[in-house]
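Below is one structure, written out as C-alpha cells; comments come after it.
In the numbering used here, the protein residues as written are 2 to 312.
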C-alpha cells in the first residue's frame with residue numbers, strides 16, 4: 002500500500018474545502034491536498050446551473066458551475082493538489098486517512114486534517130413515506146445531477162416536498178428540464194426561505210405553495226402517478242409523475258463517526274470549539290458538515306476564516 006504525507010489534508014472539495022485549501026497555501030503550508038469522491042471538484046454548485054452564487058465571498062453573482070470553476074482555478078493556482086474520484090475509507094491513525102482511488106489504496110498522514118464532507122438531503126426511505134417504489138423520485142441533488150450532468154429526461158409534472166432555499170433551486174432545475182412544478186408542499190405555516198425568492202420564483206414558474214400540507218403516500222407502480230397528502234381540510238391526491246424531496250438535511254458524517262469524534266446528538270454533526278477543532282487534536286470540521294445548513298458562499302467564507310483562527 003502506498004503511504005504519503007502532507008501538511009494539510011482536506012476531505013471534501015466543495016466551497017468550504019477549496020477555500021480552506023487556498024487559505025492554507027496562502028499561510029505557508031507547502032503540501033495541501035484535497036480529496037473528493039466525485040469525478041470533479043466543486044461540490045454542489047458544480048451541478049446547480051442557476052445563478053445566485055458568489056455574492057458574499059467573490060462579490061459578484063454567477064452560476065453554480067462558474068462559481069465552482071473559480072474556486073478550482075484559485076486552488077490550482079495556489080498549488081493545491083486536488084484528488085478526485087478518491088474516497089476516504091477510514092482512519093489509519095489519529096492524523097492518518099486510508100483512501101482508495103483509481104490508483105489503488107493509499108494511507109495519507111497530515112499535521113492537520115479538515116473534514117468538509119458537507120450534508121445531504123433525506124430521501125424517501127429516510128422519511129418513511131408510505132407507498133410503492135416507482136420511478137420518478139429524486140432528491141434535489143440527484144435531480145440536478147440527472148439534469149445538468151447526465152442530461153436525462155425527468156418527467157412532465159412535479160411535486161416538491163419542502164419549501165426551503167434549495168426547494169426553489171429544484172423548481173428552476175425542473176423548469177430547465179421542461180418539467181412543470183405543480184405544487185410545493187410544507188407542513189409549516191409558511192415557506193422557510195426569503196420572501197423575494199419565493200414570490201419571484203412562484204410568479205415566474207406558476208406553482209402552488211401548499212402550507213400545512215404533508216405527504217403521506219406516493220402513488221404509482223412503474224412510474225409515479227400522484228401523491229396523497231393530508232391538509233387541514235382532509236386528504237387529497239395531487240397528480241404528478243415526479244416527486245422531489247428537498248432540504249431536511251443531515252450531515253455527511255460517516256468519516257467523523259468512524260473516527261469516534263464527539264458528535265452532537267441533536268444535529269449529528271461533530272462537536273467543535275471556537276477554532277472549529279473537533280474532539281481530536283489536529284482534526285477540524287467546517288462547512289455544511291456542521292449544521293445548520295449554510296449557503297455555498299457562507300461555507301467558503303468559513304473555510305477562508307480558518308486562516309485567521311488556526312494558522
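Just so you know, even glycine gets a beta-carbon here, dropped at the ideal spot from N, CA and C. This one's a predicted model, so the numbers in the text were calculated from it and none came from an experiment.
- Contact between residue 212 and residue 190 holds: CB atoms are separated by about 6 Å, below the 8 Å threshold.
- Linking residue 42 to residue 120 through their CA atoms gives a straight-line distance of about 16 Å.
- Pairing residue 150 with residue 48, the inter-Cα distance amounts to about 7 Å.
- Apart from sequence neighbours up to five positions away, the residues of its chain that approach residue 180 with a beta-carbon distance below 8 Å are 155, 156, 157, 158, 159, 243, ordered along the chain.
- Cβ contact annotation for residue 32 (same chain, cutoff 6 Å, sequence separation greater than five): 7, 8, in chain order.
- Here the C-alpha atom of residue 305 lies approximately 8 Å from the C-alpha atom of residue 17.
- The C-alpha of residue 251 is placed about 21 Å away from the C-alpha of residue 217.
- Under a 10 Å Cβ-count criterion, residue 126 is classified as exposed, with fewer than 16 other Cβ atoms of the shown protein chains found around its own Cβ.
- Sixteen is the threshold: since fewer than 16 other Cβ atoms of the shown chains lie within 10 Å of the Cβ of residue 238, the residue is exposed.
- Three or more beta-carbon pairs separated by less than 8 Å are not found between the region 220-235 and the region 104-121, which leaves the two stretches without contact.
- For residue 97, the closest C-alpha among the options 111, 104, 86, 246 is that of 111.
- Following the DSSP letters along the chain, one finds residue 173 inside the alpha helix (DSSP H) bounded by residues 166-177.
- In the structure shown, the three-state DSSP call for residue 50 is coil.
- CA-CA distance, residue 137 to residue 295, rounds to 28 Å.
- From the listed residues 104, 90, 34, the smallest Cα separation to residue 77 is found for 34.
- Membership of residue 79 in the alpha helix (DSSP H) is indicated by the continuous run 65-79.
- In the DSSP assignment, no residue is bridged to residue 269.
- If you check the CB distance, residue 257 and residue 116 come in under 7 Å.
- Ranked by Cα distance from residue 37, the options 246, 147, 101 are led by 101.
- Contact annotation, residue 214 with residue 169: C-beta distance approximately 17 Å; criterion of less than 8 Å not satisfied.
- Three or more pairs of CB atoms, one per stretch, sit closer than 8 Å, so the region 10-25 contacts the region 78-88.
- Boundaries of the alpha helix (DSSP H) around residue 201: 196-206.
- Annotated three-state conformation of residue 255 is helix, per DSSP.
- Take residue 99, set aside five residues on each side of it, and the residues of its chain with a beta-carbon closer than 6 Å to its own are 90, 91, 93, 108, in chain order.
- Within a 10 Å sphere around the beta-carbon of residue 26 sit 16 or more other beta-carbons, which makes this residue buried.
- Residue pairing from DSSP places residue 246 in a beta bridge opposite 140, 162.
- A direct Cα-to-Cα measurement between residue 106 and residue 262 gives close to 24 Å.
- Closest in alpha carbon position to residue 73, among 39, 14, 40, 135, is 14.
- Taking C-alpha positions only, residue 55 is separated from residue 303 by approximately 14 Å.
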